[in-house]
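Read the structure below first, then the notes.
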Amino acid sequence: MSPEHIVRSFAQELERLANLLTQMGGVAEAQVAGAVRAVTRRDVELAAQVMAADQRLDEYERAIEAETIRLLALRQPMAQDLREIVSALKVAADLERIGDYAANIAKRSLALAQVPVVPPASGIASMGRLVGTILKDVLDAYIERDVEKAVAAWKRDEELDDLHTGLFRELLAHMTADPLTITPCTHLLFMAKNLERIGDHATNIAETIHFVVVGSPLAMERPKGDGSSFAVMTPGSGPEARTLPRRPGNAA
Amino acid sequence: MTVQTQFQTGAQAAALRQSGASVKMVAKDVKVFYGAKQALKGIDLEIQENRVMALIGPSGCGKSTFLRCLNRMNDTIENCRVEGLIALDGEDVYGRQIDAVQLRARVGMVFQKPNPFPKSIYDNISYGPRIHGIASHRDEMDEIVQKSLERAGLWNEVKDRLREPGTGLSGGQQQRLCIARAVAVSPEVILMDEPCSALDPIATAHIEELIDELRENYTIVIVTHNMQQAARVSQKTAFFHLGEMVECDDTEEIFTNPRDERTQGYITGRYG
């Protein structure tokens, strides 16, 4: 919004809140990238760093919460200001969850590093690259208040869901074929799910951007590509797992 | 002044039926001039029955001028000229057959500063019904006084001292006395011109609670500089700026997602 607040201290407080979110977004992005790198490079030191740094996101969330409550109580914001402030609270919560998932990936990478490499691990790298792009675009869109960019990133979550479903099937097939890989494959399953959830939180942020800028919720139905909930694998059914047809009303 | 009774188009009427509210008052292309100076530049507004409509906007935007047009309080101002249509239940309030005094009984008013008559609490309330010949005997008048004070949420505080002067009450009580006085003549619409600006937060809360209760029986139009108040008490809000009505919508919409940049700038406290 171009014209400035008559009360300059209010404008400064809004700016401070925006800065906190930008910084928090940067940390969350780095956490996700670090966690994925820790998996692909089997870097236990990096994994430990990611796990330790999760605390920073918690601190950011608390700071943003405190700032938001203070602004609501003292400034009684209206219209776009109100939407900005309420959205800060929501975005901070999404980023905090993203951080938790990243930390969990890092933690599991420690277990993974202790056993021989299984081929499906490369799927984590692909999912990680895509989720990194989506998260970056969404955070850029938040800073720039760019609805188009946000919606474009929001739509790309479908690709991530597809990757997740594919990796899920691949892991099931692997475990069926060689039960000795169940330990690493189970960790990879959780990692893949975590990355898929990170994508969902990124789409939440995209929806919040729409609300902040346009003033109404994003009306479109998000294409849901994650079919992993319907995947069935029976011993002896071969390397390809069957995926049940998606039924309306079934949660992905 | 054009007299027009059929002011609703079919589509408008249907939309209103859907929203569950009927239109009590209508303003069409209302222009007001103080001498050569134009204060209102063609206002179109519908005021729905049993709803609270808040008029907001910076000082000098014309919101009080508009409020005063609704019961012809501007008639008393020299050099003031009103053009366009203002209708109450489809009837032009500036029509020849309309008596301004009768109109003001139907469209009552409460002012910024409590202005009780220098009379007893009882007489403050009974004055209106008496001059309008509403009560035929004493018991009936007693009942009107009690009911009006009850509706204004003041009865319990004053029932034992009805003969004491109204000016002896606190500011908040005086304002509720003025509301009781307006209610006593059974108005259909109550206009309030910044009714809480001279009151403390507790007295203000009492008035706001009262406004919400009064809405069941009356249509209310309130001018306020306090946007939080507008947000709290009204269902519809109209934003006035430089003699124009910029935007009128559901209060929730106006304060969360206004359409016009000027409304946005005003309610968020930004330079326009």
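Those protein sequences? They're chains S and A, same order as listed. Here numbering that gives the first Met the number 0 is used: the first residue of the first sequence is 0, the next is one more, and so on. Here numbering that gives the first Met the number 0 is used: the first residue of the second sequence is 0, the next is one more, and so on. Virtual Cβ for every residue (Gly too), placed ideally from N, Cα, C. It should be emphasised that the depicted structure is a prediction, and the values quoted were computed from it without experimental measurement.
Taking all protein chains in view, the Cβ of S/V213 is surrounded by fewer than 16 other Cβ atoms within 10 Å, so the residue is classified as exposed.
Taking C-beta atoms as the reference points, S/V26 and S/L56 count as a pair closer than 8 angstroms.
Counting C-beta pairs with one atom in each stretch, the region 79-99 of chain A and the region 153-163 of chain A have fewer than three that are closer than 8 angstroms, which means they do not touch. Within the region 178-242 of chain S, no run of beta strand (DSSP E) at least 3 residues long lies entirely inside it.
Of all alpha-carbon atoms in S/L20, S/E195, S/M232, the one lying nearest the alpha-carbon of S/I208 is that of S/L20. Along the region 201-232 of chain A, the positions whose C-beta sits under 9 angstroms from a C-beta of chain S are M226, Q227, A230, read in chain order. About 18 angstroms separates the beta carbons of A/A86 and A/T64, which is beyond the 8 angstroms limit, so they are not a contact pair. Using a CB distance cut-off of 8 angstroms, A/I55 does not count as an interface residue toward chain S. With respect to chain S, the C-beta atom of A/G83 has no partner C-beta closer than 8 angstroms. Counting the other CB atoms within 10 Å of its CB gives S/G33 a total of 16 or more, which places it among the buried residues.
S/M190 is positioned such that its CB atom lies closer than 8 angstroms to that of S/V38.
The Cβ neighbour count for S/L170, taken over all protein chains shown within 10 Å, is at least 16; the residue is labelled buried. Proximity of chain A to S/R82 at the Cβ level (cut-off 9 angstroms) is accounted for by T255, N256, in chain order. Runs of the alpha helix (DSSP H) lying entirely within the region 113-190 of chain S and spanning at least 4 residues, in chain order: 121-143, 146-176. Around the Cβ of S/N18, a 10 Å sphere holds fewer than 16 other Cβ atoms; the residue is exposed. Looking from the CA of A/G34, the closest CA among A/I178, A/P117, A/N73 belongs to A/N73.
The region 134-141 of chain S makes contact with the region 195-207 of chain S, as at least three CB pairs between them are under 8 angstroms. With respect to chain A, the C-beta atom of S/I5 has a partner C-beta closer than 8 angstroms. Annotation for A/A181: G107, M108, V109, I189 place their beta carbon closer than 7 angstroms to its own, counting only its chain and skipping 5 residues before and after.
Straight-line spacing of the CA atoms in S/M219 and S/Q79 works out to 22 angstroms. Using a Cβ distance threshold of 8 angstroms, A/R50 and A/R214 count as a contacting pair. Closest by C-alpha distance to S/P119, out of S/S8, S/E3, S/T185, S/D93, is S/T185. Counting along the chain, the unbroken beta strand (DSSP E) around A/A26 starts and ends at 22-33.
Under the three-state reduction of DSSP, A/S169 is assigned to coil, being neither helix nor strand. Between the alpha carbons of A/S21 and A/I219 lies a gap of roughly 14 angstroms.
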